[in-house]
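Just so you know, we're using the working numbering here: the sequence shown kicks off at 24 and counts up by one.
The C-beta atom is built at its ideal place from N, Cα and C for all residues, glycine as well.
No experiment lies behind these values; they were computed from the predicted model shown.
One structure is given below, encoded as C-alpha coordinates.
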Amino acid sequence: MGCEVCLSEEKDFREGFILRTFDLSPEEIEVSLRGLDFKLEVTLSGVDILFEKEEDWRKAREKVGINMYSTDTSSMEEVVGRLLKRRGETLSTAESCTGGLLSARIVNVPGSSEYFLGGVVVYSNQLKVKLLGVKEETLNEFGAVSRETCLEMLEGLRKKFGTDAGIAITGVAGPGGSDHKPEGLTYIGVYYREKFHIEERVFGAGRNPNRFLSSQVAFNELRKLILEEAT
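This is the structure in C-alpha coordinates:
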(Lines of atoms letter the chains of each structure in order from A and count residues from 1; the text may use other names and numbers.)
(Lines give C-alpha, C1' and ligand atoms only; values in the text may rest on other atoms or scores of the structure.)
Protein backbone atom coordinates (compact mmCIF):
# COMPACT_ATOMS: atom_id res chain seq x y z
CA MET A 1 0.00 0.00 0.00
CA GLY A 2 3.03 2.29 0.47
CA CYS A 3 3.27 3.26 -3.18
CA GLU A 4 -0.40 4.17 -3.35
CA VAL A 5 -0.26 6.29 -0.25
CA CYS A 6 2.52 8.40 -1.72
CA LEU A 7 1.15 7.95 -5.24
CA SER A 8 4.31 9.08 -6.95
CA GLU A 9 8.04 8.68 -6.75
CA GLU A 10 8.52 12.05 -8.46
CA LYS A 11 10.23 14.70 -6.38
CA ASP A 12 11.42 18.22 -7.06
CA PHE A 13 15.13 17.84 -6.39
CA ARG A 14 15.61 21.61 -6.53
CA GLU A 15 13.62 21.80 -3.33
CA GLY A 16 15.01 18.61 -1.81
CA PHE A 17 12.48 16.00 -0.69
CA ILE A 18 8.89 16.49 0.43
CA LEU A 19 6.13 14.61 2.22
CA ARG A 20 2.66 16.16 2.14
CA THR A 21 0.49 15.32 5.13
CA PHE A 22 -3.01 16.06 6.37
CA ASP A 23 -4.67 15.69 9.78
CA LEU A 24 -1.34 15.77 11.57
CA SER A 25 -0.33 18.72 13.73
CA PRO A 26 3.21 20.12 13.61
CA GLU A 27 3.63 18.94 17.21
CA GLU A 28 2.67 15.36 16.30
CA ILE A 29 5.11 15.40 13.40
CA GLU A 30 7.92 16.76 15.57
CA VAL A 31 7.43 13.91 18.05
CA SER A 32 7.08 11.22 15.37
CA LEU A 33 10.16 12.31 13.42
CA ARG A 34 12.44 13.14 16.33
CA GLY A 35 16.06 12.63 15.33
CA LEU A 36 15.51 13.48 11.66
CA ASP A 37 16.46 16.74 9.96
CA PHE A 38 13.45 18.49 8.40
CA LYS A 39 11.45 21.70 8.10
CA LEU A 40 7.67 22.18 8.20
CA GLU A 41 5.40 24.34 6.06
CA VAL A 42 1.85 24.70 7.40
CA THR A 43 -1.06 25.68 5.13
CA LEU A 44 -4.80 25.01 4.96
CA SER A 45 -3.94 22.02 2.76
CA GLY A 46 -1.99 20.40 5.60
CA VAL A 47 1.63 20.23 6.70
CA ASP A 48 4.46 19.76 4.22
CA ILE A 49 7.60 18.13 5.61
CA LEU A 50 10.74 19.21 3.77
CA PHE A 51 14.03 17.31 3.81
CA GLU A 52 17.49 17.92 2.44
CA LYS A 53 18.64 14.31 2.88
CA GLU A 54 16.99 11.43 1.06
CA GLU A 55 17.81 9.10 3.95
CA ASP A 56 15.73 11.20 6.36
CA TRP A 57 12.94 11.43 3.79
CA ARG A 58 12.77 7.64 3.42
CA LYS A 59 12.75 7.06 7.17
CA ALA A 60 9.99 9.62 7.59
CA ARG A 61 7.82 7.96 4.94
CA GLU A 62 7.68 4.82 7.07
CA LYS A 63 6.77 6.76 10.21
CA VAL A 64 4.07 9.10 8.84
CA GLY A 65 1.91 6.36 7.30
CA ILE A 66 -1.64 6.95 6.06
CA ASN A 67 -1.54 10.67 6.91
CA MET A 68 1.00 11.17 4.13
CA TYR A 69 -0.84 11.75 0.87
CA SER A 70 1.97 12.63 -1.53
CA THR A 71 5.74 12.60 -1.96
CA ASP A 72 5.65 15.43 -4.48
CA THR A 73 3.71 18.69 -4.74
CA SER A 74 0.48 17.04 -5.91
CA SER A 75 -2.73 18.42 -4.40
CA MET A 76 -5.20 16.22 -2.55
CA GLU A 77 -7.64 16.33 -5.47
CA GLU A 78 -4.91 15.17 -7.85
CA VAL A 79 -4.08 12.29 -5.52
CA VAL A 80 -7.72 11.13 -5.31
CA GLY A 81 -8.08 11.51 -9.07
CA ARG A 82 -5.12 9.21 -9.69
CA LEU A 83 -6.50 6.56 -7.36
CA LEU A 84 -9.84 6.55 -9.17
CA LYS A 85 -8.28 6.78 -12.61
CA ARG A 86 -5.98 3.81 -12.18
CA ARG A 87 -8.98 1.75 -11.03
CA GLY A 88 -11.24 2.94 -13.82
CA GLU A 89 -13.80 4.17 -11.27
CA THR A 90 -16.09 7.18 -11.07
CA LEU A 91 -16.97 9.96 -8.63
CA SER A 92 -19.95 12.26 -7.99
CA THR A 93 -20.60 14.99 -5.42
CA ALA A 94 -23.42 16.61 -3.44
CA GLU A 95 -22.60 19.95 -1.84
CA SER A 96 -24.37 22.37 0.44
CA CYS A 97 -22.10 24.72 2.42
CA THR A 98 -19.16 24.33 0.01
CA GLY A 99 -21.35 25.68 -2.80
CA GLY A 100 -19.54 23.96 -5.67
CA LEU A 101 -15.98 24.39 -4.39
CA LEU A 102 -15.50 20.64 -4.12
CA SER A 103 -16.50 20.08 -7.75
CA ALA A 104 -14.40 23.04 -8.87
CA ARG A 105 -11.32 21.55 -7.24
CA ILE A 106 -11.98 18.25 -8.97
CA VAL A 107 -12.32 19.76 -12.45
CA ASN A 108 -9.24 21.92 -11.93
CA VAL A 109 -7.29 18.70 -12.49
CA PRO A 110 -6.62 17.98 -16.19
CA GLY A 111 -8.21 14.70 -17.25
CA SER A 112 -10.79 14.69 -14.45
CA SER A 113 -13.53 13.95 -17.01
CA GLU A 114 -12.25 10.37 -17.01
CA TYR A 115 -13.57 9.77 -13.48
CA PHE A 116 -15.79 12.72 -12.45
CA LEU A 117 -19.36 12.34 -13.72
CA GLY A 118 -20.78 15.45 -12.05
CA GLY A 119 -22.47 16.77 -8.96
CA VAL A 120 -25.26 18.84 -7.46
CA VAL A 121 -25.23 21.93 -5.25
CA VAL A 122 -28.21 21.60 -2.92
CA TYR A 123 -27.96 24.76 -0.86
CA SER A 124 -31.63 24.80 0.15
CA ASN A 125 -33.59 22.15 2.00
CA GLN A 126 -36.05 22.13 -0.88
CA LEU A 127 -33.40 20.91 -3.31
CA LYS A 128 -32.02 18.40 -0.83
CA VAL A 129 -35.47 16.81 -0.87
CA LYS A 130 -36.16 17.24 -4.59
CA LEU A 131 -32.81 16.20 -6.05
CA LEU A 132 -31.40 13.79 -3.47
CA GLY A 133 -34.49 12.39 -1.79
CA VAL A 134 -33.62 13.64 1.69
CA LYS A 135 -36.69 13.10 3.86
CA GLU A 136 -38.51 16.18 5.13
CA GLU A 137 -38.92 14.37 8.43
CA THR A 138 -35.14 14.09 8.72
CA LEU A 139 -34.67 17.79 8.04
CA ASN A 140 -37.40 18.73 10.52
CA GLU A 141 -36.07 16.50 13.28
CA PHE A 142 -32.31 16.85 12.87
CA GLY A 143 -31.82 19.89 10.64
CA ALA A 144 -29.88 20.34 7.42
CA VAL A 145 -26.56 20.27 9.26
CA SER A 146 -26.65 16.81 10.80
CA ARG A 147 -25.17 13.35 10.43
CA GLU A 148 -28.59 12.01 9.44
CA THR A 149 -29.08 14.52 6.61
CA CYS A 150 -25.54 13.99 5.35
CA LEU A 151 -26.11 10.24 5.17
CA GLU A 152 -29.36 10.68 3.23
CA MET A 153 -27.60 13.09 0.86
CA LEU A 154 -24.93 10.46 0.31
CA GLU A 155 -27.45 7.68 -0.25
CA GLY A 156 -29.44 9.88 -2.64
CA LEU A 157 -26.28 10.76 -4.53
CA ARG A 158 -25.39 7.12 -5.01
CA LYS A 159 -28.88 6.30 -6.20
CA LYS A 160 -28.99 9.25 -8.61
CA PHE A 161 -25.53 8.98 -10.18
CA GLY A 162 -24.54 5.36 -9.59
CA THR A 163 -20.84 6.18 -9.26
CA ASP A 164 -18.25 4.00 -7.53
CA ALA A 165 -17.44 6.81 -5.10
CA GLY A 166 -19.29 9.83 -3.77
CA ILE A 167 -18.91 12.80 -1.45
CA ALA A 168 -21.63 14.77 0.37
CA ILE A 169 -21.02 17.88 2.50
CA THR A 170 -23.40 19.88 4.69
CA GLY A 171 -22.38 22.42 7.31
CA VAL A 172 -22.41 25.88 8.86
CA ALA A 173 -19.79 27.78 6.87
CA GLY A 174 -20.33 30.98 8.86
CA PRO A 175 -20.56 33.62 9.97
CA GLY A 176 -23.21 32.74 12.50
CA GLY A 177 -24.21 29.45 14.04
CA SER A 178 -25.59 28.62 17.47
CA ASP A 179 -24.53 26.95 20.69
CA HIS A 180 -25.99 23.71 19.39
CA LYS A 181 -24.59 24.07 15.88
CA PRO A 182 -21.59 26.42 15.95
CA GLU A 183 -19.93 28.09 13.01
CA GLY A 184 -17.71 25.60 11.23
CA LEU A 185 -19.73 22.51 12.20
CA THR A 186 -19.63 20.29 9.14
CA TYR A 187 -20.69 16.77 8.25
CA ILE A 188 -18.67 15.19 5.48
CA GLY A 189 -19.89 11.93 4.00
CA VAL A 190 -17.99 9.67 1.64
CA TYR A 191 -18.72 6.31 0.15
CA TYR A 192 -16.58 3.96 -1.87
CA ARG A 193 -18.17 0.84 -3.32
CA GLU A 194 -20.12 -0.61 -0.37
CA LYS A 195 -18.46 1.36 2.43
CA PHE A 196 -19.92 4.57 3.87
CA HIS A 197 -18.30 6.98 6.32
CA ILE A 198 -19.58 10.20 7.92
CA GLU A 199 -17.05 12.57 9.48
CA GLU A 200 -18.01 15.35 11.91
CA ARG A 201 -15.69 18.34 12.10
CA VAL A 202 -15.81 21.80 13.64
CA PHE A 203 -13.61 24.29 11.80
CA GLY A 204 -12.92 27.73 13.22
CA ALA A 205 -11.11 29.36 10.34
CA GLY A 206 -13.80 31.66 8.88
CA ARG A 207 -16.29 31.19 6.06
CA ASN A 208 -14.11 30.52 3.01
CA PRO A 209 -11.33 28.71 4.87
CA ASN A 210 -14.03 26.52 6.45
CA ARG A 211 -15.33 25.68 2.98
CA PHE A 212 -11.84 24.77 1.77
CA LEU A 213 -11.12 22.64 4.83
CA SER A 214 -14.42 20.81 4.33
CA SER A 215 -13.41 19.89 0.80
CA GLN A 216 -9.90 18.90 1.93
CA VAL A 217 -11.24 16.59 4.62
CA ALA A 218 -13.67 15.11 2.08
CA PHE A 219 -10.88 14.25 -0.35
CA ASN A 220 -8.76 12.84 2.45
CA GLU A 221 -11.51 10.63 3.86
CA LEU A 222 -12.26 9.27 0.39
CA ARG A 223 -8.56 8.67 -0.21
CA LYS A 224 -8.30 6.65 3.00
CA LEU A 225 -11.44 4.67 2.20
CA ILE A 226 -10.07 3.72 -1.22
CA LEU A 227 -6.72 2.66 0.23
CA GLU A 228 -8.44 0.73 3.01
CA GLU A 229 -10.45 -1.20 0.45
CA ALA A 230 -7.27 -1.98 -1.49
CA THR A 231 -5.55 -3.70 1.44
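- In the structure shown, glycine 200 adopts extended strand secondary structure according to DSSP, grouped into three states.
- Rounded to whole angstroms, the separation of the alpha carbons of serine 93 and alanine 117 is 26 Å.
- For phenylalanine 184, the enclosing alpha helix (DSSP H) has its first and last residue at 170-184.
- Judged by DSSP in its simplified three-state form, lysine 218 adopts strand.
- In this chain, leucine 59 is not harboured by any beta strand (DSSP E), its DSSP state being neither H nor E.
- When rounded, the separation of the alpha-carbon atoms in glycine 134 and valine 102 is 13 Å.
- Taking a contact as a CB-CB distance under 8 Å, the pair leucine 42 and alanine 83 counts as one, their CB atoms being some 6 Å apart.
- Straight-line measurement puts the Cα of valine 168 at about 15 Å from the Cα of proline 198.
- Non-local beta-carbon contacts of leucine 236 in its own chain, meaning distances under 7 Å to residues more than five positions away in sequence, involve Leu67, Phe226 and Ala228 in chain order.
- For valine 143, the enclosing beta strand (DSSP E) stretches over residues 139-144.
- The segment 176-194 makes contact with the segment 124-143: 3 or more CB pairs, one atom from each, lie closer than 8 Å.
- At the C-beta level, serine 238 and threonine 96 stay beyond 9 Å of one another.
- Spanning the alpha carbons of serine 201 and glycine 194 requires a straight line of approximately 12 Å.
- The DSSP-derived three-state label of phenylalanine 74 is strand.
- Note: valine 225 is bridge-paired with Leu208 in the DSSP secondary-structure output.
- Around the Cβ of threonine 254, a 10 Å sphere holds fewer than 16 other Cβ atoms; the residue is exposed.
- Bounds of the beta strand (DSSP E) holding alanine 117 are 114-118.
- The residue among Glu85, Arg128 and Glu244 with its C-alpha nearest the C-alpha of isoleucine 52 is Glu85.
- Assignment of threonine 161 by DSSP, reduced to helix, strand and coil, places it in the helix class.
- Shortest Cα-Cα distance from glycine 212 to any of Glu78, Arg181, Arg230 and Ala196 involves Arg181.
- Looking at the backbone, the Cα of glutamate 77 and that of serine 147 are separated by about 50 Å.
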